[in-house]
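For the numbering used here, add 3 to where a residue sits in the sequence shown, where the first one is 1.
Cβ atoms here follow ideal geometry from the backbone N, Cα and C, with glycine treated the same way.
Take a look at the structure below.
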Amino acid sequence: MEERLRLTRPGHYGDLDMLQVGPLGRPNRAEVVFKPSPLTPAEQYFQVTLWSILTQPLLLSCHVPTMDAFDLGLVTNDEVLAVNQDPLCRQGYRVANRKGEWEVWAKDLAGSGRAVAMFNLPGEDRVLSVDREQLGTTGRVRDLWRQKEVGILGDRFSAAVSPHGAAFLKVSP
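Take a look at the structure:
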């Protein structure tokens with residue numbers, strides 16, 4: 004992913020393929036029976052967060068008329084979409100990680116904010132942290148999925164992240 008960082012700009016985006024959210028059919032077949040996503044809710048948050056921090060097209064491969072409230076919330080959250088569609092068109096970059104366990108990514112946003120995505124890879128709950136040296140900023144922290152203020156990043160900010168899940172935050176001065 005990091006090698007693509009310099010290539011992402013207006014009109015030039017990567018393509019991680021379609022999101023696996025909502026009621027899915029079999030590829031290239033006319034379906035009348037759709038199955039729920041094989042991903043857990045945490046994994047669906049993970050996927051949409053990853054696509055958004057990396058400025059990827061949010062392509063749906065599901066049967067939109069039968070999406071439930073959870074599915075719709077994943078793809079219509081205006082704060083998450085604002086990060087994905089930010090006018091700077093910058094791809095996120097890794098600021099911290101422990102291989103195979105967790106990763107923290109950041110994305111510079113138009114204005115003065117910064118998006119932060121925390122990914123928990125293994126199958127256990129984990130508290131992940133990011134500090135001001137890693138982000139190069141401090142400020143108010145907003146949980147983009149829950150759409151509410153959750154604290155202040157002074158020296159350090161921590162968030163509980165479920166197994167195979169993600170926290171998606173915005174830090175604003």
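Query - Residue(s) in a DSSP beta bridge with M121 - result: V107, A170
Query raised in the report: Opposite K38 in the DSSP bridges: which residues?
Result: L27
Requested in this report: Could you name the residues that DSSP lists as bridge partners for Y96?
Outcome: A109
Query raised in the report: Quick one: what's got a C-beta closer than 7 Å to D158's C-beta in the same chain, skipping five residues either side?
Result: D134, R135
Query raised in the report: Smallest Cα separation from M70: which of A169, S115, P39, C92?
Result: P39
Requested in this report: For R129, collect the residues of the same chain with a Cβ closer than 7 Å to its Cβ; drop the 5 residues on either side in sequence, then sort them by chain order.
Outcome: W105, N123, V164
Query raised in the report: For V164, which beta-bridge partners are listed by DSSP?
Result: R129
Query raised in the report: What does a CB cutoff of less than 7 Å around G168 pick up in its chain, not counting 5 residues either side in sequence?
Result: A45, Y48, F49, N123
Query - Residue closest to L156, alpha-carbon to alpha-carbon, out of S132, S55, L10, A113 - result: S132
**Report entry** CB of S115 within 7 Å of CB of P176, strictly
**Finding:** yes
Report task. Over the uninterrupted alpha helix (DSSP H) stretch that includes D74, give me the two end residues. Result -> 72 to 79
Requested in this report: Work out the CA separation of A120 and V174 for me, nearest whole Å.
Outcome: 11 Å
Requested in this report: Drop a sphere of 10 angstroms on the beta-carbon of T58, count the other beta-carbons inside from all chains shown, and report buried for 16 or more, exposed for fewer.
Outcome: buried
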